[in-house]
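So the structure is just underneath, and the comments pick up after that.
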Amino acid sequence: MAAPKTPRAAQFELRHLRYFIALVEERNFERAAIRLGIAQPGLSQQIRNLETLVGLPLLDRRKRAVQLTPSGQMLFDEARKIVAQTDAALAQLRRVGRGQTGKISIGYVASVAYAGVLTESLSSFRNAFPDIELQLVEMEMRMQLNKIAEGELDFGYIRPPVSVPAGVVTMTVLREPLVVALPENHPLASVEEVDLAALSAETFITPRQPADVGFHFNTLDACQAAGFEPNISATGRDFTTIASMVAVGLGAAVGPQSLSCLQSPGVRYLQLLRNRVSSDLAVAYRKTEGSAAVRAFIAHQRAKYAQVRQEE
Numbered sequence: 001m002a003a004p005k006t007p008r009a010a011q012f013e014l015r016h017l018r019y020f021i022a023l024v025e026e027r028n029f030e031r032a033a034i035r036l037g038i039a040q041p042g043l044s045q046q047i048r049n050l051e052t053l054v055g056l057p058l059l060d061r062r063k064r065a066v067q068l069t070p071s072g073q074m075l076f077d078e079a080r081k082i083v084a085q086t087d088a089a090l091a092q093l094r095r096v097g098r099g100q101t102g103k104i105s106i107g108y109v110a111s112v113a114y115a116g117v118l119t120e121s122l123s124s125f126r127n128a129f130p131d132i133e134l135q136l137v138e139m140e141m142r143m144q145l146n147k148i149a150e151g152e153l154d155f156g157y158i159r160p161p162v163s164v165p166a167g168v169v170t171m172t173v174l175r176e177p178l179v180v181a182l183p184e185n186h187p188l189a190s191v192e193e194v195d196l197a198a199l200s201a202e203t204f205i206t207p208r209q210p211a212d213v214g215f216h217f218n219t220l221d222a223c224q225a226a227g228f229e230p231n232i233s234a235t236g237r238d239f240t241t242i243a244s245m246v247a248v249g250l251g252a253a254v255g256p257q258s259l260s261c262l263q264s265p266g267v268r269y270l271q272l273l274r275n276r277v278s279s280d281l282a283v284a285y286r287k288t289e290g291s292a293a294v295r296a297f298i299a300h301q302r303a304k305y306a307q308v309r310q311e312e
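Structure, rendered in structure tokens:
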């Protein structure tokens, strides 16, 4: 046999505690009713319902003013905690819904740090959304894209070109001119800028990645635009390694201008004349995103780098 239903009037509700707290704080039924925006008889009935529910008297009705019984004092102390915790939880949920709090996992390739975009973009976002936690991890860009597609990573900073999985979109946030790194004892190392065609006989060093990806593609593209196919006979894990290889005379390397800040001993960075190839920096994210915090981050990036997108 099913248990009998509790009468509606006797069901415990949060409003009972709110009414009780208001009454105790105001010490007067009339003032409490005005504060709550309800009629005084209705407030009196709600307090009686609460006493029926707990099975104990909460007010000492022998006194003219509102005065609590020991049970009433205990309930008042606990009720304030319960209501405060509930209000805090509801406020937190609303912030989550508005994208004002939560966590965002962000991947990035090492070269992004040298360009200043990562620091600038994350700092401005944290100023606007201080309650959102940002979790950063350095990661190879193809791995980033796969993890974004699989829902294991929210956002990524990458260096196109690269094949993008279904469901993932990219947005360019920076276009950097290219420079060429030469050993400091190279015959052309004393000049400030050079035509890449003048280096057609050089051996070039590229990152250890497919020819249609990132800096490797940039090197091929720039050299082909200068009228020659580069002789690529060495690769490095990252640009720090590549700069060291350049310093010992293993070849030249093409990369984004921001990498010249590495100032590797034995290396000179030269601007390229008549070069229209750039190294782009882009952000990647899921096309359909459920997290309000991530949507807020995407909107922030779109607003911050709108000018770059207009130039595409």
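Taking the UniProt record's numbering, the leading residue of the sequence shown gets 1, the next gets one more, and so forth.
Backbone N, C-alpha and C fix where the C-beta goes; we use that ideal spot for every residue, glycine too.
Could you tell me if Asn-218 is buried or exposed, where buried requires 16 or more neighbouring beta carbons within 10 angstroms of its beta carbon? buried
Below 8 Å CB to CB, which residues in the same chain sit around Thr-6 once its five sequence neighbours on both sides are set aside? Here the model assigns Thr-6 a pLDDT of 44, short of 50, so the residue's position is not dependable and the matter cannot be decided.
Quick check: what's the CA-CA separation for Gln-263 versus Ala-243? 9 Å
Which word fits Leu-14, buried or exposed, when buried means at least 16 other C-beta atoms lie within 10 angstroms of its C-beta? exposed
Ala-234 bridges to which residues according to DSSP? Ile-205
Can you list, in chain order, the stretches of the alpha helix (DSSP H) that have 4 or more residues and sit fully within the segment 132–160? 141–149
Just to confirm the assignment, what range does the beta strand (DSSP E) spanning Ser-278 have? 278–286
Take Ala-3 and list the residues in its own chain whose beta-carbon comes closer than 8 Å to its own, dropping the five residues that flank it on each side. Unreliable placement is indicated for Ala-3, whose pLDDT of 40 sits below 50; the coordinate value is still reported in the next sentence. Taken in chain order, the list of residues that qualify is empty.
Give the range of the beta strand (DSSP E) segment to which Ile-106 is assigned. 102–108
In or out: residue 380 buried (at least 16 other Cβ within 10 Å) or exposed? Residue 380 lies beyond the range of the chain shown here (1 to 312); nothing can be said about it.
Check whether Val-173 and Val-283 have beta carbons under 8 Å apart: yes
Answer yes or no: do Ala-113 and Ala-181 have a C-beta to C-beta separation smaller than 8 Å? no
DSSP three-state call for Arg-35: helix, strand or coil? helix
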